[in-house]
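Engineer: I'd like to ask some things about the structure below.
Residue numbers (my numbering), protein chains in the order written: chain A, 27 to 515; chain B, 27 to 515.
Below, the structure is given as structure tokens:
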């Protein structure tokens, strides 16, 4: 889907350079500025490399996907989409670009990561950084107050005014279902709440204006040590060391619902209205997660901060835990594979009247998961089938091409996944070998005698057993043996 | 899939403007040239429009896809992918960009339509124009001589050295299967052969160097009259009028296998080696198409030319025929919805040693088909379900949220597509109304009495019938009633 949008927009980049210059300031001063930059760049970049020899390759930074890699991707996407549908989600799609203003001011410090482009006709465009902000823009634009949707097979969100923590719990349930189905090893979902973080910053003595930037520092605790985070807070962000230490006492704690209850009794934190709301909601969330049977997968972790500005409530992030097989290779986890949270203010930022649509969602780290699944399959030396063919239509004798064509056509029309070798007179051995290589489980063999008797010889490739099946029963028999539904849409 | 590649590449466009200038010539002269262009453009474009007010919209030329539109797209893609898999195809993907040299010289006059971009690091890039040239590049790069694959759910190709016309016939079979399954009205597949066209040009007196450009003129015959085509040939392309008239006598003919046989007897055409080969192959093709049961859908049409340079043999194009309902609205057909042909030389153009890999393929015009299906559904005022939810978990009494959460979780874990309203105490009427609106066929109702009895009340939304089902039988009963397989991946 996304490709079409990408193409539409890329087409417009044609000639964007000259128009872009015009658009940005359209002044002679600017042009002189550009001249300066160009000469500087020329000096930096050294000799002109544009006249290199033609090499057979894909553009830098891009790659092809082989059938094997695509089979892995498809399996991962199937698991994810299957789960989203099981939870009743609709699907939408939005363009790869958004107006620059749409994305501005939604991400906080992560906004460094937004790529700006220029389009013709006076529109400043940026590449979308996530699917959440475009989704919020979509809701506001279409005046929707209520939707459960997924987006490009990796983002799931529930928008609407509902009773507390029910949609939030469903998002965590979905995350756990997907990660369990993918069988990529043990995982843990860290949970926290933006309100608890803000309340904690307040009682530790952080000024309001520094909440977001300190939040962004805390968010690094899964990658670097507390000492480093403290240094950043004190050195770069100007926090008093004793304030940082107070934060340190909190953010190094994690646990289950008992930690929630303990903090509800914390003399300072329990005095902060925001923190109290957050802790109350987390308590309710844990009740629902217990009913969903996933409470053992969840860890309340005060160091989880999620750097994005738009979160307003519960936040979460799933990490893979070290599996025994990986001991010695990876430190303690292999990083985040899914994440999300509640963002109740984002749609209101787009609505002309500021009407709020509370939202909660999650995003699956599909690229990371592809790599993990690919690696695991390679380690296991597991064979990945790249087609779903159920049967090869073959013949043992010569001059039976017409009969093979007729039979394979009958099978296609009946919804059986079937192939034949594109040879007039292929050897039976070659036909059987093709099945071995492609993992095709059955061979339907036609011979003069079979034609006379109105039967087809059905051979199992692995067991080598052969039985004669009446031609009119062949489809049913193939369906039964392969356990696949008929392929008719 | 394609999106990731698009993003990867787009990321690189950041700052491409300045580097692009550097790369192209990197000279002060160029910069002065650019300055001139800019000033000219500025004058043409009028006042600076970059400071426009923020409007809630998508970038120009792009659009969102609503759940309803996505449901249509998904159905169309399902039909196409289902058919490709039924025919044993693997799937690959390639980047949205290719090196400019990869695309250069493959398309002929259509090459005007290729969009060039510039990347950093001295690589000149172009947007891919079709999926055929990237596929050929992929084969040469990976030294593959044998593959049957599809690409982004719309392109299907068979590469390899096989006996004549067997893969070609399968491509036509696939085209017919897909267009029949889509139920978008009657269609016809026009077939011709590049060798017949070239032979015909030769015997009519066209010089070799003009074959491709005349081919491209003939290709317009489905849109404009013979008179206009003739004018282009004579006026713009310098053909003698009598040569054009000779071409006219041929290209206005179409028919079935009998026309092939008639032309095999044509005193001039049968003297041309190329034409004779093409006609011989078409005769064989018709035999196979008869075995596949699709010969009635095929028309040998001498005006079909397919402008792309890379075709070497059979070419084809499917057009929708006027349906009675559309009488008066559209002239005779609604244009091409699928097309393809044989391209035996393309892979060799990429192989350093020029090794040939014969290929034949087809491409489905998915955007056109989406519009047609969407229009048809709107005309029929047909309701399109945008979710697949089988059952809503509901309660008639208050204080049963926990029980609803437990039951819906059980159903999800068993592979049933289920939802619940995110309210603590929703009214039964609201729950039933939600089912009506979303097209959910079943409601599983929990009440105090049912909990005591270990049953669930299962209600059909349309018939309003209610029966008590034992809780342990609920999954089986929902599966049976909805006829859907369990949603477990």
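Cβ coordinates follow ideal geometry from the N, Cα and C atoms, glycine included.
Report the three-state DSSP secondary structure of residue 87 of chain A (helix, strand or coil).
Structural biologist: coil
Engineer: Residue 319 of chain A CB to nearest chain B CB: under 9 Å?
Structural biologist: True, the Cβ-Cβ gap to chain B drops below 9 Å.
Engineer: Quick check on residue 24 of chain A - is its C-beta less than 9 Å from some C-beta in chain B?
Structural biologist: This structure cannot speak to residue 24 of chain A, because chain A is shown only from 27 to 515.
Engineer: Cutting at 6 Å between CB atoms, please list the residues of its own chain near residue 172 of chain A, excluding the five before and the five after it.
Structural biologist: 186
Engineer: Quickly, what does DSSP pair residue 343 of chain A with across the bridge? List them, please.
Structural biologist: A:216 and A:365
Engineer: Under DSSP, the beta strand (DSSP E) around residue 385 of chain B begins and ends at which residues?
Structural biologist: 385-390
Engineer: DSSP three-state call for residue 462 of chain A: helix, strand or coil?
Structural biologist: The three-state secondary structure of residue 462 of chain A, taken from DSSP, is helix.
Engineer: Who are the Cβ neighbours of residue 263 of chain B in its own chain at under 7 Å, not counting the five residues just before and after it?
Structural biologist: 236, 239, 240 and 243
Engineer: Using a cut-off of 9 Å between C-beta atoms, extract the partners of residue 167 of chain B located in chain A.
Structural biologist: Here the neighbours are 82, 83, 84 and 90.
Engineer: Ignore the nearest five residues each way along the sequence and tell me which others in residue 260 of chain A's own chain have a CB closer than 8 Å to its CB.
Structural biologist: 266, 267 and 270
Engineer: Report all residues from its chain with a CB closer than 8 Å to the CB of residue 476 of chain A; omit the five preceding and five following residues, and keep chain order.
Structural biologist: 482, 483 and 494.
Engineer: Once DSSP output is grouped into helix, strand and coil, what is the label at residue 487 of chain A?
Structural biologist: coil
Engineer: Three-state secondary structure (DSSP) at residue 64 of chain A?
Structural biologist: Summary for residue 64 of chain A: the model assigns pLDDT 49, below 50, so the residue's position carries little reliability, and this model does not support an answer.
Engineer: Shorter than 9 Å from the beta carbon of residue 465 of chain A to some beta carbon of chain B?
Structural biologist: no
Engineer: By the 8 Å beta-carbon criterion, what residues does the stretch 423-443 of chain B contribute toward chain A?
Structural biologist: 427, 428, 431, 432, 435, 438, 439, 441, 442 and 443
Engineer: If the cut-off is 8 Å on Cβ atoms, which residues from the stretch 480-499 of chain B count as contacting chain A, listed in chain order?
Structural biologist: none
Engineer: What residue range is occupied by the uninterrupted beta strand (DSSP E) comprising residue 176 of chain A?
Structural biologist: 173-177
Engineer: Out of curiosity, what's the CA-to-CA distance linking residue 508 of chain B and residue 443 of chain B?
Structural biologist: 11 Å
Engineer: Distance, Cα to Cα, residue 98 of chain A vs residue 112 of chain B?
Structural biologist: Approximately 19 Å, taken between the alpha carbons.
Engineer: What does residue 476 of chain A touch in chain B if you count any residue whose Cβ is under 7 Å from its own?
Structural biologist: Neighbours of residue 476 of chain A on chain B: none; closest Cβ ~18 Å, over 7 Å.
Engineer: Exposed or buried, which one is residue 489 of chain A when buried takes at least 16 other CB atoms within 10 Å?
Structural biologist: exposed
Engineer: In angstroms, rounded to a whole number, what distance separates the CA positions of residue 182 of chain A and residue 116 of chain A?
Structural biologist: 9 Å
Engineer: List, in order along the chain, the chain A residues whose C-beta lies closer than 8 Å to that of residue 314 of chain B?
Structural biologist: Here the neighbours are 431.
Engineer: What residue ranges within the stretch 383-459 of chain A form continuous alpha helix (DSSP H) runs of no fewer than 4 residues, ordered along the chain?
Structural biologist: 392-405 and 427-440
Engineer: Can you pull the chain B residues whose beta carbon is under 9 Å from the beta carbon of residue 242 of chain A, in chain order?
Structural biologist: Within 9 Å Cβ-Cβ: nothing; residue 242 of chain A doesn't reach chain B, min ~22 Å.
Engineer: Rounded to whole angstroms, what's the CA-CA distance from residue 392 of chain A to residue 222 of chain B? Just pull it up for me.
Structural biologist: The alpha-carbon atoms of residue 392 of chain A and residue 222 of chain B are separated by roughly 49 Å.
Engineer: Could you tell me how far apart the beta carbons of residue 389 of chain B and residue 156 of chain B are, in whole angstroms, since I believe they sit closer than 8 Å?
Structural biologist: 7 Å
Engineer: Can you give, in chain order, each stretch of the beta strand (DSSP E) that sits fully within the stretch 211-257 of chain B and has at least 3 residues?
Structural biologist: Qualifying beta strand (DSSP E) stretches, in chain order: 213-219.
Engineer: Once DSSP output is grouped into helix, strand and coil, what is the label at residue 266 of chain B?
Structural biologist: Looking at residue 266 of chain B - three-state DSSP - the assignment turns out to be coil, as it is neither helix nor strand.
Engineer: Relative to the C-alpha of residue 514 of chain B, which candidate in A:207, A:445, A:429 and A:400 has its C-alpha closest?
Structural biologist: A:207
Engineer: Considering only the alpha carbon of each residue, which of A:498, A:463, A:465 and A:411 lies closest to residue 480 of chain A?
Structural biologist: Of the candidates A:498, A:463, A:465 and A:411, A:498 places its Cα closest to the Cα of residue 480 of chain A.
Engineer: Exposed or buried, what is residue 293 of chain A when buried is set at 16 or more other beta-carbons lying within 10 Å of its beta-carbon?
Structural biologist: Result: exposed.
Engineer: Have a look at B:423, B:159 and B:314 and flag the residue whose alpha-carbon is nearest the alpha-carbon of residue 189 of chain B.
Structural biologist: B:314
Engineer: What is the rounded straight-line gap between the Cα of residue 373 of chain B and the Cα of residue 409 of chain A?
Structural biologist: 28 Å
Engineer: Leaving out the 5 sequence neighbours to the left and right, which residues in its chain are closer than 8 Å to residue 219 of chain B when beta-carbon positions are compared?
Structural biologist: 304, 305, 307, 308, 339, 340 and 341
Engineer: Scan the stretch 94-169 of chain B and note each continuous beta strand (DSSP E) run of 3 residues or more that stays entirely inside, going in chain order.
Structural biologist: 116-118, 123-125, 142-144 and 150-153
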